[in-house]
Structures are given as C-alpha cells and as structure tokens.
C-alpha cells in the first residue's frame with residue numbers, strides 16, 4: 002500500500018490558493034495515456050515502467066508540475082462537465098474481480114479546491130457557454146487517473162484535479178473544451194488524458210500477445226495514429242464516420258473521449274511521439290502519445 006503523502010507547507014499553500022498560485026512556467030507537455038487493465042498499476046510490466054520513466058523525464062525536462070489535470074474515461078457526468086474540488090480526493094477502486102493488492106492501493110495526492118473553483122469559472126461548457134460545475138464531495142481519483150499518475154509521481158505531492166466527461170455531448174464539444182485548457186500548460190499544469198484508442202471488453206483474448214489484435218482494432222488504431230501524425234487533430238472528432246470499425250473499436254466511446262480533450266490542448270505545430278503502441282488482450286490499444294517534448298521516447 003502507498004504511504005501517506007508528505008505534504009509540505011508549500012504544497013498546502015498551492016492547494017489552498019487559486020489560479021494566481023500557479024507560476025508562469027515553461028510549457029508543459031500534453032499526454033494521452035492508454036491505461037488498459039487496472040492491473041497495470043501494480044504489475045512490473047512495460048506499461049507501468051514506461052509511466053515511471055515518463056514521470057522522471059517530465060521532471061527532468063520541464064520541472065515538477067504545479068498541478069496535474071486528468072481527464073479519465075471513468076468519470077462520466079450526465080449533463081454538465083464537472084471538476085473535482087475537494088481538499089483530499091479519495092482513491093476510488095472502480096472495478097471488481099481483481100486481487101486485494103489492487104484494492105489496497107491508495108494515492109493520497111492533495112486536491113486544489115481554490116484552483117478548481119476559479120478554473121470552473123474560466124472554462125465554459127461548449128454550446129451551453131456556462132461555467133463547469135465543481136464537485137467538492139462526491140468523486141475523487143478513479144483508477145483511470147491514479148493507476149497512471151501513481152507510477153509517474155509516486156510521492157503523491159502534486160495536487161491533482163479531475164475533469165469529467167459528458168458522454169451525451171458531441172465529440173467536437175469534448176475537443177472544444179480541451180482547447181480551453183491550452184493556456185494552463187504555461188502555468189505548470191500537466192494535462193493528462195487517460196483512456197484507450199481501442200477499447201472493446203467484449204472481445205478480450207486473455208492469452209494473446211501484445212502484437213496480436215483484430216483487423217478492425219488495427220484499422221481503427223492506425224487511422225487515429227495517422228491523423229495524429231498528420232496534425233489533423235480536429236479530424237479525431239469524426240471517428241464515428243468509420244462506421245462498423247468504430248463501433249467495434251468502441252462499443253461505448255468513453256475511453257476515446259479523453260484523447261479529444263488532450264488533442265484539443267495541443268498547440269499547432271507540436272509534434273507527437275508514440276509509445277506503448279501495442280495491444281493488451283487483443284482488444285485494447287495501449288498506444289500513448291506525448292506532445293510538446295522533443296526528447297525521443299525510448300522503449301525497453
């Protein structure tokens with residue numbers, strides 16, 4: 002089990018102060034991480050090791066983030082976008098049928114309630130053009146967030162907030178909200194989308210190798226990767242035009258929407274780098290992307 006977070010007085014002040022507490026910084030990168038199975042959080046596999054290396058790389062190249070804003074596939078709200086605004090977000094174990102070791106995991110990072118309050122007023126819900134709401138009591142950090150953030154920043158001393166997904170809104174709306182996050186990158190905010198480019202739990206093959214997948218999964222993953230490489234990030238919103246291939250890749254597309262938020266926060270001309278570009282259990286693409294970092298991604 003993770004130990005309690007050693008909050009310093011500086012950390013506590015950062016959590017208590019608003020957006021003015023976020024100092025101007027070198028532009029932080031944007032991440033989309035394929036998180037796959039919750040077991041990746043505790044297994045000593047290439048995915049978890051890549052997240053560990055990624056955290057070290059970010060601190061080395063950009064400095065320690067002042068805040069992490071994560072958009073996870075696992076927080077869906079019905080009609081309004083929401084942002085977590087509690088002092089101590091709880092670690093949510095939103096899964097079943099896994100070993101007790103996984104349920105014992107805790108990630109006691111602080112929240113940033115004053116930042117969340119101000120950020121909610123700054124962000125406008127697309128179409129409605131109303132402020133995002135603040136959730137100060139109900140949610141926390143679900144496994145789409147803590148399973149990837151814990152290996153990256155194991156000290157749990159960086160404030161973390163989550164932004165929800167509104168499944169009923171159009172893909173273009175999710176991209177538009179991501180565009181509103183761009184300026185935060187110059188204020189020490191690391192933006193992380195956590196989902197999967199292909200995610201079909203009905204088609205899992207538990208004995209498959211990372212290189213084995215379905216034709217439709219490979220086709221969808223390759224299409225998305227091509228758009229990202231071409232810089233056609235707006236084109237990512239039109240994934241449903243692929244018809245049956247898209248429906249097989251995402252029977253429900255909650256795991257795709259975090260990619261749209263992350264892509265929206267990318268500046269024109271920022272080159273992507275891919276890593277973990279293989280498959281878990283044949284029907285989950287683990288392809289991950291970092292924008293805004295010129296250092297080559299090195300795999301094992």
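Residue numbers (this note's numbering): 2 to 301. Idealized CB from N, CA, C, for every residue including glycine.
Following the continuous alpha helix (DSSP H) through residue 165, name the residue where it begins and the one where it ends. First-last for residue 165: 161-167, but that is the beta strand (DSSP E), not the alpha helix (DSSP H).
Taking the alpha helix (DSSP H) that residue 175 belongs to, which residues open and close that run? Here the alpha helix (DSSP H) through residue 175 covers 172-180.
Looking at the secondary structure, which residues open and close the alpha helix (DSSP H) in which residue 70 lies? Counting along the chain, residue 70 falls outside any alpha helix (DSSP H), though it belongs to the beta strand (DSSP E) covering 68-78.
Would the stretch 65-85 and the stretch 39-54 be scored as touching if the rule is three or more Cβ pairs under 8 Å? Contact between the stretch 65-85 and the stretch 39-54 is absent, because fewer than three Cβ pairs lie under 8 Å.
Can you give the Cα-Cα distance for residue 85 and residue 122, rounded to whole angstroms? Using only the alpha carbons, I get a separation of about 13 Å.
My guess is that residue 246 and residue 32 are in contact by the Cβ rule of under 8 Å, so how many angstroms apart are they, rounded? About 26 Å separates the two Cβ atoms, so there is no contact after all.
Tell me the DSSP secondary structure of residue 3 in three-state form. Bear in mind that the predicted position of residue 3 carries a pLDDT of just 40, short of 50, making it unreliable; the figure below should be weighed with that in mind. Of the three classes helix, strand and coil, the one that applies to residue 3 here is coil, per DSSP.
Answer with buried or exposed for residue 222, where buried requires no fewer than 16 other C-beta atoms within 10 angstroms of its C-beta. By the 10 Å Cβ count, residue 222 comes out buried.
Which residue wins for smallest C-alpha separation from residue 65, given the options 234, 158, 218 and 163? Ranking 234, 158, 218 and 163 by Cα distance to residue 65 puts 158 first.
Pop quiz: residue 88 and residue 111 are said to be a contact at Cβ under 8 Å. What is the actual Cβ separation, rounded to whole angstroms? Contact flag correct, Cβ pair sits at about 7 Å.
Please confirm whether residue 91 and residue 141 have their CB atoms less than 7 Å apart. In contact: residue 91 and residue 141 (Cβ atoms closer than 7 Å).
Buried versus exposed, by CB contacts within 10 Å (16 or more), residue 207: Around the beta carbon of residue 207, a 10 Å sphere encloses fewer than 16 other beta carbons of the protein chains shown; the residue is thus reported as exposed.
Would you check if the distance between the CB atom of residue 303 and the CB atom of residue 29 is smaller than 7 Å? This structure cannot speak to residue 303, because the chain is shown only from 2 to 301.
Is the stretch 129-149 touching the stretch 219-236, taking contact as three or more C-beta pairs under 8 Å? Inter-segment contact for the stretch 129-149 and the stretch 219-236 is absent: fewer than three beta-carbon pairs are separated by less than 8 Å.
Close-in-space but distant-in-sequence residues of the same chain around residue 265 (CB under 6 Å, 5 per side omitted): For residue 265, where only same-chain residues beyond five positions count, the Cβ hits under 6 Å are 176, 179 and 180.
For residue 270, the three-state DSSP class (helix, strand or coil): Of the three classes helix, strand and coil, the one that applies to residue 270 here is coil, per DSSP.
For residue 82, I'd like the list of residues in its chain whose CB is within less than 6 Å of its CB, leaving aside the five on either flank, ordered along the chain. Answer for residue 82: 126, 133, 165 and 167, listed in chain order.
Residue 25 to residue 113, Cα distance in whole Å? Going from the Cα of residue 25 to the Cα of residue 113 covers about 17 Å.
Where do the N-terminal and C-terminal ends of the alpha helix (DSSP H) with residue 33 fall, by residue? Not the alpha helix (DSSP H): residue 33 falls in the beta strand (DSSP E), residues 31-35.
Please name the residue, chosen from 289, 232 and 278, that lies closest to residue 269 on a Cα-to-Cα basis. That would be 232, whose Cα lies nearest to the Cα of residue 269.
Residue 3 versus residue 218 - alpha carbon distance: Caution applies to residue 3, whose pLDDT of 40 falls short of 50 and renders its modelled position unreliable; the value that the coordinates give is listed next. Looking at the backbone, the Cα of residue 3 and that of residue 218 are separated by about 35 Å.
How is the alpha helix (DSSP H) around residue 51 delimited, first residue to last? For residue 51, the uninterrupted alpha helix (DSSP H) run begins and ends at 47-63, by DSSP.
So, with DSSP's three-state summary, where would you put residue 15? Residue placement at residue 15 is poorly supported in this model, since its pLDDT is 43, which falls under 50; the coordinates still yield a value, given next. Note: residue 15 maps to helix in three-state DSSP.
With DSSP run on the structure shown, which of helix, strand or coil describes residue 92? Reduced to three states, the DSSP call for residue 92 is strand.
Which whole runs of the beta strand (DSSP E) in the stretch 185-227 are 3 residues long or more, in chain order? Restricted to the stretch 185-227, the beta strand (DSSP E) segments that are unbroken, complete and at least 3 residues in length are 190-196, listed in chain order.
Could you check how far apart the C-beta atoms of residue 252 and residue 197 are, in whole angstroms? I think they sit under 8 Å. At roughly 12 Å, the Cβ-Cβ gap does not stay under 8 Å, so residue 252 and residue 197 are not in contact.
Which residue's Cα is closest to the Cα of residue 203: 195, 210, 211 and 215? The candidate whose alpha carbon is nearest that of residue 203 is 215.
Compute the Euclidean distance between the alpha carbons of residue 160 and residue 248, then round it to the nearest angstrom. In a straight line, the C-alpha of residue 160 is about 36 Å away from that of residue 248.
Nearest to residue 275 (by Cα), restricted to the options 262, 170, 74 and 293: For residue 275, the closest alpha carbon among the candidates 262, 170, 74 and 293 is that of 293.
Nearest to residue 150 by alpha carbon, out of 278, 34, 124 and 212? Nearest of 278, 34, 124 and 212 to residue 150, Cα basis: 34.
Name the two residues that bound the continuous alpha helix (DSSP H) containing residue 115. Following the DSSP letters along the chain, one finds residue 115 inside the alpha helix (DSSP H) bounded by residues 114-123.
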